[in-house]
Amino acid sequence: DTGVSQNPRHKITKRGQNVTFRCDPISEHNRLYWYRQTLGQGPEFLTYFQNEAQLEKSRLLSDRFSAERPKGSFSTLEIQRTEQGDSAMYLCASSPGRGGPTEAFFGQGTRLTVV
Amino acid sequence: ILNVEQSPQSLHVQEGDSTNFTCSFPSSNFYALHWYRWETAKSPEALFVMTLNGDEKKKGRISATLNTKEGYSYLYIKGSQPEDSATYLCAKEAGGTSYGKLTFGQGTILTVHP
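Printed below as a string of structure tokens:
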């Protein structure tokens, strides 16, 4: 296992289309997080999973966003009816989720451009 | 302080210079303070996870200190090298049911000129 993997790395889509991103975490990690980063800002929390359960979703996240983590393995983040404001870097991270504070391991991100 | 804030936003130094950045955060509901380095086209990489007031951590030429009572952390780089050029992010991890969830500052972009 070489770390957290995200696909695709880049996505260009037309406004109004749906997009789906995938994240494969480190295999033994229970927690999986999604963050979004826009230019000039730090990553912003979107949602996280403990195994297959989605425990928290940011209030900033509209109903057009949905995330799943079936069987507690990989996760998908879907954005419906994309808007230009959705253009950002979407980062996935995983962590063991137990034993005290530990570092999160990040993927390289998916850069979304909505035209 | 209501949010995690970092200063400066960007920094240009010459190779061999020493530099430091500041991260300020709300001291309430504190669990841990994380520092990450994010190089272009790569994944953010953890540098330190700090939990105790007065913590000091060191990795090679990079070190960090933590003051949880006043809500700040400093990151120091001694003898900067061009390969240190990156965005440095700090993040607060809150306690309780939100443990693991990170609130990031906007980052400090460091450019080290040869």
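In order, the protein sequences belong to chains F and S. Residue numbering for the first sequence follows our numbering, starting at 1182 and increasing by one per position. Residue numbering for the second sequence follows our numbering, starting at 223 and increasing by one per position. The beta carbon of each residue, even a glycine, is placed where N, CA and C say it ideally should be.
Annotated three-state conformation of E305 of chain S is helix, per DSSP. Q1231 of chain F places its beta carbon 8 Å or farther from that of C1204 of chain F.
The shortest C-alpha to C-alpha distance from R259 of chain S to any of F:K1238, F:Q1289 and F:L1293 is the one to F:Q1289. Take the alpha-carbon of E261 of chain S and the one of T1257 of chain F: they are about 25 Å apart. Interface with chain F (8 Å Cβ-Cβ cutoff): K279 of chain S is excluded. Counting other Cβ atoms within 10 Å of its Cβ, P1224 of chain F reaches 16 or more and is therefore classed as buried.
Taking P304 of chain S as the centre and dropping the five residues before and after it, the same chain places the C-beta of E237, V334, H335 and P336 closer than 8 Å to its C-beta, in chain order. In the assembly as shown, R1190 of chain F is an exposed residue. Its beta-carbon has fewer than 16 other beta-carbons within 10 Å.
Taking each of S:N251, S:T244 and S:F270 in turn and checking the Cα distance to S232 of chain S, the smallest one comes out for S:T244. Straight through space, the alpha carbons of S1254 of chain F and S1208 of chain F are spaced by roughly 7 Å. Per DSSP, the beta-bridge partners of L255 of chain S are S:M272 and S:K314.
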